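First comes the structure, then the notes that go with it.
Protein chains in written order, with this note's numbering: chain A, 3 to 317; chain B, 3 to 317.
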């Protein structure tokens, strides 16, 4: 059950391991906005929240404390477009657990290097996240490692929902929250936290419209995976667990073109000195290109959710 | 008179124009620290605080409001290693005022481009900040533009002191505040704000020891200008106005080698996804290389004060 209570419990569980990221009140294209600087999180994206909540809930504990005896000796295994893999590797490293991470062959070098830097085994396989996931499951059947799904698991969703909890704590005045969506872990958690008390708006690249298409179809459906932000937002289909939450609590599903994402990356550097990866800049892009126009009186929050790119690419 | 009252007045005066930058509680090299993310300020450094306070105090107002009739038609003029020039250009642009900015010939291209992007006239002249300042004063005698000194002016110091005021508001528990020093505008303002209620520690590159040398000599003295951070911390001599404040309220003057500054830049990117220029990473470097070792029970704050570099250079 994903609700404010399970998200608050996740927040307590993971608080020693993650950063309470700050907010910045500023203007974006002349509009007052509040940015949640989640790109300053450990491992460069929001993903460690869900990864730590999953590992700690399963019984892995800080080295020195006794974990449950029934935990798999093989540690953890995950498939990822990159950010989730880095987060699982980081969390596993922090908790003294082995990690094996499957990523598709097109994963940016910066992300592969990041995952390896945390001591995880990296396996590059398949053309897409979905194919890497299939390969990881075959491997998991051999090793019996704990699978840490990138989005479709209650503990992962509750962990990502702590982004919403912090955002509301630090900026309780917000009426509209823009969140990028891929598999839907972040937006599912955030929407479950707000539960209608603020309008949560999903923003996806035109090339990766998984939540937009699911909401239109009335169920998760296969969607195209392409464009600039595919490595972080390129799930073929949103998670089954998040979908009913999105149906209830996601007010609009906006699509943005890749050139608006590039413009948002440039603006975030030029006006804020923030390095956001394409997926991290996607929510802001909706404001820049006018695909989301705040109604009069709206107080808009934007989650800037990832920075795992080569910084030379943002200028 | 530079004191908490003049700094609070500056804060009111400039609040509509500058960002209240956030703090981030985190670990740096295993030590708990609170980072003041002043590198996210407009124009990429703390400098707009002093620039706006100077321009607004002199009578320049937002376009549409009537400025004092006796303001110079030539607008403002400033000499700078780069960041102050960008800040004055940004402030002048915001207030609809002409600006002419003198920078030494070695100023990084990123900073020259930034100054020009705000519509200012840029003059590259001389080998050092001191030479650019001399040239700007010859020009000022012709144009009668308002000089905005980079550090040695009460309104500039009071503006920079608002960094300390915000830091204390957001992290009142801090006992030690690490601040980089060049001409001493930032550390002078911050030390005047804390006025001994927290220990303010100056950090300078070994190549630019102007405050360290002044405190040892008992007066501002000429010091070498060299090394990686010279473009932002390379004043030949600290300001006359800040010096008595530093004598009273700066507890230690630490020097760090350039390789520690590079290591701090890399760590800020690697662990925080922050792009700091060398001068912006200098305060953090003192912790990394052990030139400042916090006493037991200390709660350490670090001002990360500038980001005006090519982001490709930090990885």
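Note that CB positions come from ideal geometry on N, CA and C, so glycine has one too.
Every value quoted in this text rests on a predicted model; they were computed, and no experiment measured them.
Rounded C-alpha distance that separates residue i from residue j
i	j	result
residue 242(B)	residue 176(B)	28 Å
residue 234(A)	residue 228(A)	11 Å
residue 280(A)	residue 56(A)	26 Å
residue 79(B)	residue 94(B)	10 Å
residue 3(B)	residue 244(B)	11 Å
residue 186(A)	residue 246(A)	11 Å
residue 137(B)	residue 125(B)	9 Å
residue 40(A)	residue 165(A)	8 Å
residue 314(A)	residue 64(B)	35 Å
residue 34(A)	residue 301(A)	8 Å
residue 184(B)	residue 240(B)	7 Å
residue 116(A)	residue 88(A)	6 Å
residue 118(A)	residue 127(A)	15 Å
residue 1(A)	residue 197(A)	No statement about residue 1(A) is possible, as the shown extent of chain A runs from 3 to 317 and does not include it.
residue 220(A)	residue 249(A)	8 Å
residue 92(A)	residue 77(A)	13 Å
residue 129(B)	residue 153(B)	19 Å
residue 225(A)	residue 47(A)	24 Å
residue 320(A)	residue 282(B)	Residue 320(A) is absent from the structure shown; chain A starts at 3 and stops at 317.
residue 272(A)	residue 97(B)	20 Å
residue 192(A)	residue 12(B)	38 Å
residue 261(A)	residue 276(B)	24 Å
residue 317(A)	residue 278(A)	11 Å
residue 9(B)	residue 25(A)	24 Å
residue 195(B)	residue 297(A)	41 Å
residue 49(A)	residue 312(B)	27 Å
residue 73(A)	residue 61(A)	7 Å
residue 236(B)	residue 295(B)	25 Å
residue 206(B)	residue 304(B)	13 Å
residue 258(B)	residue 288(B)	6 Å
residue 123(A)	residue 102(A)	5 Å
residue 148(B)	residue 135(B)	14 Å
residue 7(B)	residue 51(B)	16 Å
Per DSSP, the bridge partner or partners of residue i
i	result
residue 303(B)	36(B) and 179(B)
residue 308(A)	47(A)
residue 1(A)	Because chain A is modelled from 3 through 317, residue 1(A) falls outside the range shown and cannot be assessed.
residue 201(B)	178(B)
residue 297(A)	BP columns for residue 297(A) are empty, so no partner.
residue 65(B)	67(B)
residue 168(A)	In DSSP, residue 168(A) forms no bridge with anything.
residue 313(A)	Paired residue(s): none; residue 313(A) is not in a bridge.
residue 222(A)	DSSP, once it has assigned bridges, lists no residue as partnering residue 222(A).
residue 207(A)	258(A)
Short of 9 Å Cβ to Cβ, which residues in the segment 8–32 of chain B face chain A? 21, 22, 23, 24, 25, 26, 27 and 28
Uninterrupted beta strand (DSSP E) stretches inside the segment 4–36 of chain A (no shorter than 3 residues): Here the runs fully enclosed are 25–30.
Taking only runs of the alpha helix (DSSP H) that begin and end inside the segment 226–275 of chain B, which ones reach a length of at least 4 residues, in chain order? 232–235, 245–251 and 260–274
Could you pull out every unbroken alpha helix (DSSP H) segment of at least 4 residues lying fully inside the segment 68–141 of chain A, listed in chain order? 85–97 and 111–119
Near-chain A residues of the segment 43–77 of chain B - C-beta to any C-beta below 8 Å: 44 and 46
Between the segment 261–279 of chain B and chain A, which residues of the former have CB atoms less than 8 Å from a CB of the latter, in chain order? Within the segment 261–279 of chain B, the qualifying residues are 271, 273, 274, 275, 276 and 277.
For the segment 44–58 of chain A and the segment 154–173 of chain A, state whether three or more C-beta atom pairs, one from each stretch, are separated by less than 8 Å. yes
Name, going along the chain, the residues of the segment 134–163 of chain B whose beta-carbon falls closer than 7 Å to a beta-carbon of chain A. Close to chain A, meaning a Cβ-Cβ distance shorter than 7 Å, is no residue of the segment 134–163 of chain B at all.
Would you check if there are 3 or more beta carbon pairs closer than 8 Å linking the segment 100–109 of chain B to the segment 172–189 of chain B? no
Would the segment 250–259 of chain A and the segment 195–205 of chain A be scored as touching if the rule is three or more Cβ pairs under 8 Å? yes
Do the segment 26–36 of chain B and the segment 304–316 of chain A touch if we need at least three Cβ pairs shorter than 8 Å? Because the criterion of three Cβ pairs below 8 Å is not met, the segment 26–36 of chain B and the segment 304–316 of chain A do not touch.
Please determine if the segment 212–222 of chain B and the segment 262–281 of chain B are in contact, where contact requires at least 3 C-beta pairs separated by less than 8 Å. no
Under 7 Å, CB to CB, which of the residues in the segment 285–311 of chain B have a partner in chain A? 309
Taking only beta carbons into account, state which residues of the segment 75–94 of chain B come closer than 8 Å to chain A, listed in chain order. none
Taking beta-carbon pairs under 8 Å, can you tell me which members of the segment 228–262 of chain A lie near chain B? If the cut-off is 8 Å between Cβ atoms, the segment 228–262 of chain A has nothing near chain B.
If contact means a Cβ-Cβ distance below 8 Å, which residues of the segment 106–124 of chain A contact chain B? none
Taking a cut of 8 Å between CB atoms, which residues from the segment 165–197 of chain B lie near chain A? For the segment 165–197 of chain B, the set of positions with a beta-carbon nearer than 8 Å to some beta-carbon of chain A is empty.
For the segment 201–218 of chain A, enumerate the residues whose C-beta is nearer than 9 Å to any C-beta of chain B, in chain order. none
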